[in-house]
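Written out below as structure tokens is the structure these notes cover.
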Ligand code: 6GU
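Residue numbers (my numbering): 885 to 1131.
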């Protein structure tokens, strides 16, 4: 990686980031990537998302992707072969920075991880289903395991959509206002300060005077104070992690 922040100076070297999602239920994701910021990013040629049906790589005559667990027990396990064939075919076509398995016991997604993934180039996201995948997939084919929270979903598709959104919106040029991804909640380890727009007073509900003062230093100080205060009240855990001192 360069030591220049990999920012605008290298815009001319930037390549399209491609995310390939491997799913047993690809229909779940189709509409998601055809709307909003993600659609815009794709139309602008900044990112591509390809959702694949893992069954296309199944050699089973019924296109099955799962089988009974060795040793018995409830639930089905996704077999190695279709996943291996899919990943091998994609990797033969281009380089990938990570091959990610979405699973409840993966590393918790947070903003620093999203930032890191947005610098990795192309990504493969594998969605688990049923009980999950044969452990050999995790041992040999996956470079990283990611969870989106401490609760269990019925499949990895929603998690893949969440990871894709968090990553793609960080790519330079995707958001209209280039600075807005950096002023997000969590980018500085604090939640965002409150925002207001016109009218300055609605039914007696007023916008704080300082925001109307035109005094930018005071406004910046107020916003920082609000962000600190809100973080303390709503997400105190972030303060410790970010190393922000109490004032
Ligand atoms: Cl990535 N998958 C599933 N099935 N459940 C989850 C999750 C992923 N992240 C949190 N819960």
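Here a beta-carbon is modelled for each residue, glycine too, at the ideal position from N, C-alpha and C. In this text the structure is predicted, and so the values were computed from the model without any measurement.
{"Query": "Backbone CA spacing between residue 1092 and residue 905 [nearest angstrom]", "Result": "45 Å"}
{"Query": "Pick from 1051, 988 and 1074 that is closest to residue 1036, judged by C-alpha positions", "Result": "988"}
{"Query": "Proximity test, residue 1031 beta-carbon vs the ligand 6GU heavy atom, cut-off 6 Å", "Result": "yes"}
{"Query": "Classification of residue 1136 by the beta-carbon crowding that lies within 10 angstroms, buried from 16 upward", "Result": "Because the chain here runs from 885 to 1131, residue 1136 falls outside it and cannot be looked at."}
{"Query": "Cα-Cα separation between residue 1007 and residue 1028, rounded to whole angstroms", "Result": "11 Å"}
{"Query": "Residue 916 - partner residues in DSSP beta bridges", "Result": "DSSP output for residue 916 lists no bridge partner at all."}
{"Query": "Residue 997, DSSP secondary structure in three states", "Result": "helix"}
{"Query": "Residue 999 versus residue 1051: straight-line alpha-carbon distance, rounded", "Result": "7 Å"}
{"Query": "Which residues DSSP lists as bridging residue 991, in chain order", "Result": "1030"}
{"Query": "Terminal residues of the beta strand (DSSP E) in which residue 1112 lies", "Result": "It is not in any beta strand (DSSP E) - residue 1112 instead sits in the alpha helix (DSSP H) that spans 1100–1118."}
{"Query": "Inter-residue CB distance, residue 1015 and residue 953 (contact presumed, cutoff 8 Å)", "Result": "7 Å"}
{"Query": "Segment contact flag, the region 901–916 with the region 932–944, C-beta cutoff 8 Å, min 3 pairs", "Result": "yes"}
{"Query": "Cβ neighbour criterion (16 or more within 10 Å) applied to residue 1041", "Result": "buried"}
{"Query": "Whether residue 1074 touches residue 1105 by CB criterion (7 Å)", "Result": "no"}
{"Query": "Three or more C-beta pairs below 8 Å linking the region 1015–1025 and the region 973–985", "Result": "yes"}
{"Query": "Residues near residue 889 in its chain [Cβ-Cβ closer than 8 Å; skip 5 each side]", "Result": "Confidence in residue 889 is poor, its pLDDT being 44 and thus under 50, which makes the residue's placement unreliable; the coordinate value appears in the next sentence. Taken in chain order, the list of residues that qualify is empty."}
{"Query": "Nearest-angstrom beta carbon gap, residue 1048 and residue 922 [assumed within contact, 8 Å]", "Result": "7 Å"}
{"Query": "Residue 1043 beta carbon near the ligand 6GU (any heavy atom closer than 6 Å)", "Result": "yes"}
{"Query": "Check: residue 986 C-beta below 6 Å from any heavy atom of the ligand 6GU", "Result": "yes"}
{"Query": "Residue 1037: CB within 6 Å of a non-hydrogen atom of the ligand 6GU", "Result": "yes"}
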